[in-house]
Structures are given as C-alpha cells and as structure tokens.
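> Residue numbers (our numbering): 1232 to 1480.
Heads up, the beta-carbon is just placed ideally off N, CA and C, and yes, glycines get one too.
Bear in mind the structure is a predicted one, so any value in this text is a computation, not a measurement.
Please read through the structure below; I'll follow up with questions.
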C-alpha cells in the first residue's frame, strides 16, 4: 500500500513528518541536480520496484532554484509541500563517523557553493494522465546537502537503508563534486557498504561518456540498460541489482 496516496494537503503541510515511511523503500540520489529521469523510470519500466519516495541531495542547487524547477515533472503537479527541519530527519541526533583516509581539505573545497535547505514535496498525477503514466502520487524530499554525510545521517541513524541509489553524472572534477561517487574505495561506497542496516537493492549508474561503462561494485549484477537516458537523446544508465536482493525486477 502506497501511504503517499492517502496524504492530504494538511498532512503534508501541517502534520508530523512521516520519517520512516519516507526512508523505507526510498530512492536516494546524491548530486542529483534536477534530473527527473529516475522518477520517470520508476514510474514506468521500473514500476515493479514499488518506489514512490525519492530523496534528492545536492549542495549546490539551492531552494530558489528548486522552486523554479519543482513543477517540471511531466504529467504531475505539486500537490503540497513544506520546509523540513533537520531534527525531523535525525530525531535522535547524529554523531558522524568519518570514512577512512578522508581528505577534509577536499571535503570543504566547494564550501562556498553550499546552499543548505530541506524541502518536502508531494506530487499528484494530472487528471488527463492514466495509471500507465505512473502512480497517483509520489514524494520528493530534497536536501541541500553533501551526499556522503547525508546518507550516513539519514540511513545509519534511523536504522534503515534505501531501496535504490543513483550515481548518475555525479559532477566529478569540473562538476564541483569534492569526491568521485563512482569509486569503490571512495567515501560514498564506504558509507553504503558499512551501513549495518542493509544495502540498496538497486544501483542506477551512468551518464554521458565512456567512463560510465561499468561501476564494478562488488555484490551487484547488471539487469538492464536504458539508452538514451536524457531527453536530448544522450547518455545511458545501467541498472544493477544486489545479488542478495529479492526485489521483483
């Protein structure tokens, strides 16, 4: 049962933030920008994954930019939204555990670009669209934060894990990402593999360029490809499944 379908505007705007419902079976997308491709895929080809909660994280977008882009999901409109306080996401607090060999100087390289905010948006399908377009409603929690720390704070402290993660065009190098999210020995992989509460069932991986041929993370196997990925007929993503997962693909 999709709890999001039962939410009223008052629930979203004035009710208690449904933290665990948002986190469980969620799709976590660090360095997301405003890429709606994973939502479209989960609404259509990947509808069997039953993912209706999306968590985007990007420290350089900013809330003003989000407001300008929030109504660009084709076939959906904003049903209700509100700001979320940090303590609503980590009600029991958080003591960060640093990945080994982390370079703190690199971590703060782009600190001048950080635009922290947290916004929760529930989308509703337009009346002229049918079920083949996607679910009646879906949830988007957007955090103006850093991807590694946010993953640890959200999932470790709340004793859960996302159903899926995306590593798509993650902004390495000139894209203003302080680390390479693709690196199996990097800090993002470390917080994912060291999470005592489980691993993602799926990894969406890709972008534009030959460097996105294979993520090569242990414990995952390719199940399908989507090409092109972007609306301009460019790019490709590969969907990998955790070999221990029982998710219906």
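Go ahead and pull the three-state DSSP assignment for residue 1465.
Coil.
> May I have the straight-line CA-CA distance separating residue 1327 from residue 1270, to the nearest angstrom?
Going from the Cα of residue 1327 to the Cα of residue 1270 covers about 30 Å.
> Taking its Cβ as the centre, do 16 or more other Cβ atoms sit within 10 Å of residue 1362, making it buried, or is it exposed?
Label assigned to residue 1362: exposed.
> According to the neighbour-count rule (16 or more other Cβ atoms, all chains shown, within 10 Å of its Cβ), is residue 1466 buried or exposed?
Buried, since its Cβ has 16 or more Cβ neighbours within 10 Å.
> Please identify the residue among 1434, 1468, 1444 and 1255 whose C-alpha is closest to the C-alpha of residue 1474.
Measuring from the Cα of residue 1474, the nearest candidate turns out to be 1434.
> Express the C-alpha separation of residue 1452 and residue 1249 in angstroms, rounding to a whole number.
Taking the straight line joining both Cα atoms gives about 32 Å.
> Since I believe residue 1431 is in contact with residue 1396 (beta carbons under 8 Å), could you give me their beta-carbon distance rounded to a whole number of angstroms?
Going by Cβ atoms, the distance from residue 1396 to residue 1431 rounds to 5 Å, so yes, they are a contact pair.
> In three-state terms, what does DSSP make of residue 1451?
Strand at residue 1451.
> If you draw a straight line from the alpha carbon of residue 1308 to that of residue 1300, how long is it in whole angstroms?
Residue 1308 and residue 1300: Cα-Cα distance of roughly 11 Å.
> Taking 8 Å as the threshold (C-beta atoms), are residue 1292 and residue 1346 in contact?
Cβ distance < 8 Å, so residue 1346 and residue 1292 count as in contact.
> Enumerate in chain order the residues of its own chain whose CB-to-CB distance from residue 1273 is below 7 Å, with the five nearest sequence positions on each side excluded.
Cβ within range, chain order: 1258, 1280 and 1282.
> By Cβ distance, which residues of its chain are closer than 7 Å to residue 1422, with the 5 residues on each side in sequence left out?
Cβ within range, chain order: 1330, 1379, 1382 and 1383.
> When burial is assigned at 16 or more other CB atoms within 10 Å of the CB, is residue 1261 buried or exposed?
Buried: at least 16 other Cβ atoms inside 10 Å.
> May I ask you to report which of helix, strand or coil DSSP gives residue 1236?
Residue state, collapsed to three classes: helix.
> Return the chain-ordered ranges of every beta strand (DSSP E) run that is complete within the segment 1414-1454 and spans a minimum of 3 residues.
The qualifying runs are 1433-1438.
> For residue 1374, tell me which candidate among 1238, 1265 and 1240 has the shortest Cα-Cα distance.
Of the listed residues, the one whose Cα sits closest to residue 1374 is 1265.
> Excluding sequence positions up to five away, which residues of its chain have a Cβ less than 6 Å from the Cβ of residue 1458?
Contacts found: 1467.
> Could you tell me the boundaries of the alpha helix (DSSP H) in which residue 1309 lies?
That residue, residue 1309, is in no alpha helix (DSSP H); its beta strand (DSSP E) goes 1307-1314.
> Tell me which residue opens and which closes the alpha helix (DSSP H) that residue 1499 is part of.
In the structure as shown, the chain starts at 1232 and stops at 1480, and residue 1499 therefore has no counterpart that could be examined.
> Would you mind giving the Cβ-Cβ distance between residue 1333 and residue 1418, rounded to the nearest angstrom? I have them listed as a contact below 8 Å.
Going by Cβ atoms, the distance from residue 1333 to residue 1418 rounds to 6 Å, so yes, they are a contact pair.
> Using a Cβ-Cβ cutoff of less than 8 Å, which residues in the same chain neighbour residue 1391 once the five nearest sequence positions on both sides are dropped?
Excluding positions up to five away in sequence, the list reads 1251, 1254, 1255, 1428 and 1429.
> Please check the pair residue 1263 and residue 1287, which I expect to be a contact at CB under 8 Å, by giving their CB distance rounded to whole angstroms.
Indeed they touch by this definition, with Cβ atoms about 4 Å apart.
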